[in-house]
Structure formats: C-alpha cells, structure tokens
C-alpha cells in the first residue's frame, strides 16, 4: 500500500524536489562510485606503472650495480700482480696487502652499454711505505670484465697517527693495581698450561657447560699490561695485555707478543679474577665466563 506524503516515514524517501543548499543524494552516490573507482584503479595500476618504469630504465642501458663483483676484483688483481712482477720492477719489493673497495667512474648507455669501475688495492713496500693502487675495469652484460687501464699508484700519507688515550673510546686509562697484576700473571700461566681444569680454576667458573681451551706446548715467558681502565659504575675493569710465549723447541722469547683484552672481575677488591678475554678492543663488550 503506497505511503502518503503525510506519513511519518515519508522523510526516508529520496529527494523529490531539488532544494537550494542541499546536495542531491543521487549526485552524492555518483561521486562515491567515482571515488571508489579511482582508488581501485590506483591500487591495481600502480604495480604496472612501476614495472613499466623499470623496463624503461633497463632499456635505456643503465647497467646493474656490480661494485662487489669478485670477477672485476680478480681481473684487476691479476693485472696489478703482473705489473708488480714486471722487469724492471716498478715498485721493488712491494706487494698487495688488501683490497680497498671499488667505485663507479662512468657508464655508456644503450643496449651494448658498459660500466667502468675503479678497483682499489693497498700495497706495502720494502720500507713499510703504503701505496694505493687503482686499476680500471669494464663491465658489460653477458661478458667477462676486462681491464681498461692502470695501475695508478700513489703513496698513502702515514706521517700522522690518531691520538688516543687507550684502545677503548670513552674509557680513561689508569694504573694497574698490584693485585690485578698478580691475577693477570696467574691467568697467563693457566692459559698457557694446556690444562683446561687449571684454566677453569684460575677463572673461577662453576658452570660445567662452559668449555675452556688453553694453549698447549707453550710457556708464558712474560706478560705486560700497557693499557688498563676501570669500567664505569662497576667494580670490574678491562686490561690489554702483551703476552709473550715461548713455543716448544724455541730457545729465545719471540719479540712480537700476542695482544689480548681481558675482563677482570672485582678489580678494586682483594680477590680480582680474569673472567673473560678476547681480541684487542673487545674489552668493554666482554662478559664474564662467555664462550671463548
């Protein structure tokens, strides 16, 4: 049964007569459909737009990132070695000690485009002089890298060194207490004893799951402590030691020591103990009884 306009529910009906200042519900519905279509089109078409842009960039001849290619490094290294071994020797006694990275120096666009990369190497001479050697290598899609030019060699400035107050930034070096020196000497003897039980006893570790592997076939001839620092807000300290050892069969103490960082627990007390050790600079990050 049709409702009369006088019915209380008549206000639910759509607009029958346009009124000033009030938007038409049909126009609003059309606008909402347009917004929804625009949003869905953006979501669906965005990946395709990205793909088209990627294909366009590829067709423009932009080469891939190949700075870390071991083939380029190898090609440059072979060329540099051959140059160093040539006669007469361009740098008598010099040899490569490390690869120092690579950098793009240019590229040629187009389907047959190629990229030029400088491969850098550190050399050391007979007198200890450091050199930087650079070899230019070319890369192209589907081809092996080839050496373009080089090497270019320049000496590295070594007259200045970094001024430091110790091997641990932020920690102030101090004087080694007498009891700490005794604890370090006892640890050094146990570390060179070849006896895991003796090393565990010197460390004071009660956890049977921890395994300690001391050096075997050596004798601790001397141990020096060039650096020592108290850890902030702690009774522990760190020390860097020069451990001189004599291996079985050696009659003289070696001139160059092994360098290690030690963590000393209760360093300010009456019974300090070396509870962990690691490579130089690791002292502040060491934790007691951590796996070695």
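Residue numbers (the numbering used here): 400 to 691. Backbone N, C-alpha and C fix where the C-beta goes; we use that ideal spot for every residue, glycine too. Every value quoted in this text rests on a predicted model; they were computed, and no experiment measured them.
Status (buried if at least 16 other CB within 10 Å, exposed otherwise) for residue i
{"i": "residue 461", "result": "Confidence at residue 461 is low in this model, with a pLDDT of 45, below 50, so the placement of that residue is unreliable and no value is reported for it."}
{"i": "residue 448", "result": "Confidence at residue 448 is low in this model, with a pLDDT of 45, below 50, so the placement of that residue should be treated as unreliable; the coordinate-derived value is given next. The residue is exposed, with fewer than 16 neighbouring Cβ atoms inside 10 Å."}
{"i": "residue 574", "result": "exposed"}
{"i": "residue 660", "result": "buried"}
{"i": "residue 544", "result": "buried"}
{"i": "residue 551", "result": "exposed"}
{"i": "residue 632", "result": "exposed"}
{"i": "residue 563", "result": "exposed"}
{"i": "residue 517", "result": "buried"}
{"i": "residue 485", "result": "exposed"}
{"i": "residue 493", "result": "buried"}
{"i": "residue 673", "result": "buried"}
{"i": "residue 598", "result": "buried"}
{"i": "residue 527", "result": "exposed"}
{"i": "residue 472", "result": "buried"}
{"i": "residue 474", "result": "buried"}
C-beta atoms of residue i and residue j nearer than 9 Å
{"i": "residue 537", "j": "residue 588", "result": "no"}
{"i": "residue 617", "j": "residue 645", "result": "yes"}
{"i": "residue 671", "j": "residue 578", "result": "yes"}
{"i": "residue 585", "j": "residue 614", "result": "no"}
{"i": "residue 664", "j": "residue 634", "result": "yes"}
{"i": "residue 513", "j": "residue 680", "result": "no"}
{"i": "residue 667", "j": "residue 636", "result": "yes"}
{"i": "residue 535", "j": "residue 523", "result": "no"}
{"i": "residue 662", "j": "residue 682", "result": "yes"}
{"i": "residue 641", "j": "residue 657", "result": "yes"}
{"i": "residue 630", "j": "residue 570", "result": "yes"}
Distance between beta carbons of residue j and residue i, contact taken as under 8 Å
{"i": "residue 506", "j": "residue 499", "result": "That belief does not hold up - the Cβ atoms of residue 506 and residue 499 are roughly 22 Å apart, past 8 Å."}
{"i": "residue 565", "j": "residue 628", "result": "6 Å"}
{"i": "residue 503", "j": "residue 479", "result": "About 19 Å; that fails the 8 Å criterion."}
{"i": "residue 482", "j": "residue 489", "result": "6 Å"}
{"i": "residue 531", "j": "residue 553", "result": "6 Å"}
Those residues which DSSP pairs with residue i across a bridge
{"i": "residue 660", "result": "639, 677"}
{"i": "residue 500", "result": "519"}
{"i": "residue 494", "result": "523"}
Beta carbon proximity, residue i to chain C, threshold 9 Å
{"i": "residue 666", "result": "The chain labelled as chain C is not found in the depicted structure, where only one protein chain is given."}
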